[in-house]
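Undergrad: So in this note's numbering the end of the sequence shown lands on 1576, straight run, no missing numbers.
Handing you a structure now.
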Amino acid sequence: MLQEIQDILLLQKREIDLRMNELYIERHTTLELQNDLIKVIVGPRRAGKSFFALHYLQQIGSFGYVNFDDEKLTEVKNYDEIISAMNLVYNHPKYVLFDEIQNLPKWELFTNRLQRQGYNLIITGSNSHLLSKDLATHLTGRHVLRTIFPFSFQEYLKIENKELTTQEIQAKLALYLINGGFPEPLMKNIGRKDYLETLFNAIIYKDIVKRYRIRRPKEIEDLAYYLISNVSCEFSFHSLTRVSKIKSSHTIQKYLSYLEESYILFSISRFSYKVKEQVSSNKKMYCIDNGFIHAKAFSSSPDVGKLYENLIACVLKKEETKGTCSVYYWKNPQREEVDFVVKKGTSVEQLIQVCYNPKNIETKNREIRALIKAGKEVHCSRLLMITEDMEGSEETEWFGEKATIHYVPLWKWLMKNNY
C-alpha cells in the first residue's frame, strides 16, 4: 500500500510542478507562514485555494503536498502510510499542504497530531460547515482561517497586466458580469460555459449527494437550478415546497444548508432589531459567482439588474466573511425594499440600493423613497445607489424627510471596493 500511495503523490507532485509555471494573479489576502498555527483556507471548488497556498509555499522552497480529492487516499486506513510516502517523495518536509482535507475521515484528529509533531500545516477545504464545526471542536486557538472566492473584479483586471482606460474597464465589467471570476477558464483556453456546468455538477454530486448520501439527487439539483435562476428573490422554506417537487420544508431547509456549505449559494436575512423576527422572516438567495448564473440558469437572456445585484452581494459577502460587517436586506409592510443593509457593530453603516438604470423617473423615485424610509427607520444617513453610469450626489426630500443620495457607477464601486 505504501508504494501505491507514493506513486499517487509522485503524480500529484508532477501536477503542481507544472502549475508553478503558470501565471499567478495576486489575491487580496495574505498568509502568514512563520507561525506554527494551522493555516485553513476555505472557499468554493476551483476558486484558487491551492494555487494561493502554493504561491506562498514557493517562497520557502521546500514543502510537501497531498491532494485528498483522490478516492484512493481517502480509503487509506493507516494514515501513517500517507506521511511515510510524503516523506519519501518530499524528503521530510517541515511545511505541508493538504488539499481538500474534508474528504479524509477524521481529518481534524490527523492534522492535530501532525501539528503536535512539529509540521507546519496548510489545509484547504470546500465545505464551510464541515470545516468550521471541526475547527471549533478540535483546533480552537490553534488555527488561522482564510476564505478564497473566485476572482474579484480588481483581480480579474490583473489578467490584462497593463493599465486600462475607463472605457476598457467598463468593457471588461460587461464581460465579468456574465463570465464571473472562476480563474481557470479565464486564464486558460477552456470553454467557460462547459467548464462551469461541469464544476457545478461536480459540487452537487461529489460534495453534496455523495457526502450526505442523498437518495433523490435530482431534487437538490433542480432546487439549485431554480434558486440560481431567481437570485435576489425572497423565499421561505414553505414557498420553495410549492415550486419544487420537494414537499417537506425540513428537507428544503436541509438541502439549502448543503448548497450554502458547498459555496454554490448564500443567503441574507431581512433586517430587524428583533432577532426572532429576523430569523423567522423570508431570506434572499444569491449565487457565489455570476458565471454560474449565466451557465446554469433557466433564462437564456440575462437580467443585467439581477447580475448587478448578485455581484454586489458577492462583494459584501466577502467582507462579511472577514468579520468586518453583517449584511441584510430591508423591507417594510408596504413592500418597499432596500437591497442591502450594511451593519458594523451595533449600528447600520450604510444602505445600498442597486438601480441599473435610474433614468426612468418612476423607478428612481421608488428606489429613493425606499432608501429614505429605511434610513429613517434604522438611523442611517449614508444612502448609496449603485448604477450603470450615474455619478454624484443630490439633496432630496420625501414627505418632509430630507436626505442626500449618493450615486456611483458599479465599476467605480468595485474598483474602490469600499462602501
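We treat Cβ as the ideally placed atom computed from N, Cα and C, and that holds for glycine.
Within the continuous alpha helix (DSSP H) that includes L1175, where are the two ends?
TA: Start and end: L1159 to R1176.
Undergrad: Between the stretch 1234-1253 and the stretch 1173-1182, do at least 3 Cβ pairs fall closer than 8 Å?
TA: Contact fails: fewer than three Cβ-Cβ distances are below 8 Å.
Undergrad: Are E1524 and Q1510 close, meaning C-beta to C-beta below 8 Å?
TA: Contact flag set, yes.
Undergrad: Starting from N1224, follow its DSSP beta bridges and name the residues at the other end.
TA: N1224 pairs with D1256.
Undergrad: DSSP state of M1344, grouped into three classes?
TA: Helix.
Undergrad: With which residues is I1280 paired in a DSSP beta bridge?
TA: I1280 pairs with V1197 and F1255.
Undergrad: Bridge partners of E1183, per DSSP?
TA: Paired residues: none, contrary to the question.
Undergrad: Can you list, in chain order, the residues of its chain whose CB lies under 8 Å from that of L1321, leaving out five sequence neighbours each side?
TA: For L1321, where only same-chain residues beyond five positions count, the Cβ hits under 8 Å are L1314 and K1329.
Undergrad: Could you tell me the distance, in whole angstroms, from the CA atom of N1575 to the CA atom of V1495?
TA: Here the model assigns N1575 a pLDDT of 45, short of 50, so the residue's position is not dependable, and the following value carries that caveat. For N1575 and V1495, the distance between alpha carbons rounds to 18 Å.
Undergrad: What's the C-alpha gap between I1162 and R1202?
TA: If you take the alpha carbons of I1162 and R1202, they lie about 24 Å apart.
Undergrad: So, is M1542 buried or exposed, given that buried needs 16 or more other C-beta atoms within 10 angstroms?
TA: So M1542 ends up on the buried side.
Undergrad: Output yes or no for whether 8 Å exceeds the beta carbon distance between I1518 and F1497.
TA: Result no, Cβ atoms of I1518 and F1497 do not sit closer than 8 Å.
Undergrad: Go ahead and label M1158 buried or exposed: buried means 16 or more other beta carbons lie within 10 angstroms of its beta carbon, across all protein chains shown.
TA: So M1158 ends up on the exposed side.
Undergrad: In chain order, what are the residue ranges of uninterrupted alpha helix (DSSP H) at least 4 long that sit wholly in the stretch 1373-1402?
TA: With a minimum length of 4 residues, the continuous alpha helix (DSSP H) runs that stay inside the stretch 1373-1402 are 1374-1386 and 1394-1400.
Undergrad: Provide the residue(s) that pair with H1300 in DSSP beta bridges, ordered along the chain.
TA: Beta-bridge pairing links H1300 to I1195.
Undergrad: Indicate whether the contact test is met: 3 or more Cβ pairs, each with one atom in the stretch 1426-1446 and one in the stretch 1540-1556, closer than 8 Å.
TA: Judged by Cβ distances under 8 Å, the stretch 1426-1446 makes no contact with the stretch 1540-1556, as fewer than three pairs qualify.
Undergrad: Under a three-way DSSP split, which group does Q1324 fall into?
TA: It is helical.
Undergrad: With DSSP as the reference, please indicate the residues paired to A1497 in a beta bridge.
TA: The question names Ala, but residue 1497 in the sequence shown is Phe. Bridge partners of F1497: I1509.
Undergrad: Please go through the stretch 1414-1438 and give each complete beta strand (DSSP E) segment of 3 or more residues, from N-terminal end onward.
TA: You should have 1422-1427.
Undergrad: What residue range is occupied by the uninterrupted alpha helix (DSSP H) comprising E1545?
TA: Note, E1545: premise wrong, no alpha helix (DSSP H); not H, not E.
Undergrad: Is the beta carbon of D1256 sitting closer than 8 Å to the one on F1225?
TA: A contact, by the Cβ cut-off of 8 Å.
Undergrad: If we call anything under 8 Å between Cβ atoms a contact, is S1285 one with Y1412?
TA: Going by C-beta atoms, S1285 is not nearer than 8 Å to Y1412.
Undergrad: When the Cα atoms are used, what is the spatial distance from D1227 to K1530?
TA: Spanning the two alpha carbons is a distance of roughly 54 Å.
Undergrad: Alpha carbons only, please: which of T1408, L1356 and S1219 is nearest the one belonging to Y1276?
TA: Closest by alpha carbon: S1219.
Undergrad: Taking 8 Å as the threshold, find out whether the stretch 1372-1385 comes into contact with the stretch 1210-1218 through three or more Cβ pairs.
TA: These segments do not touch.
Undergrad: Smallest Cα separation from A1242: which of R1427, K1170 and Y1564?
TA: The option with the nearest alpha carbon to A1242 is K1170.
Undergrad: With DSSP as the reference, identify every bridge partner of E1551, one or two as the case may be.
TA: For E1551, which the question treats as bridged, DSSP gives the partners I1562.
Undergrad: Exposed or buried, which one is A1331 when buried takes at least 16 other CB atoms within 10 Å?
TA: Result: exposed.
Undergrad: Indicate whether A1454 and S1386 have their beta-carbon atoms separated by less than 8 Å.
TA: Taking 8 Å as the Cβ cut-off, A1454 and S1386 qualify as a contacting pair.
Undergrad: In whole angstroms, what is the alpha-carbon distance linking F1449 and N1514?
TA: Approximately 24 Å between the Cα atoms of the pair.
Undergrad: Using the three-state DSSP reduction, which class does K1569 fall into: helix, strand or coil?
TA: Correct three-state label for K1569: helix.
Undergrad: With distances taken from CA atoms, which of Y1252, C1444, S1207 and T1355 is nearest T1304?
TA: Here the closest residue by C-alpha is S1207.
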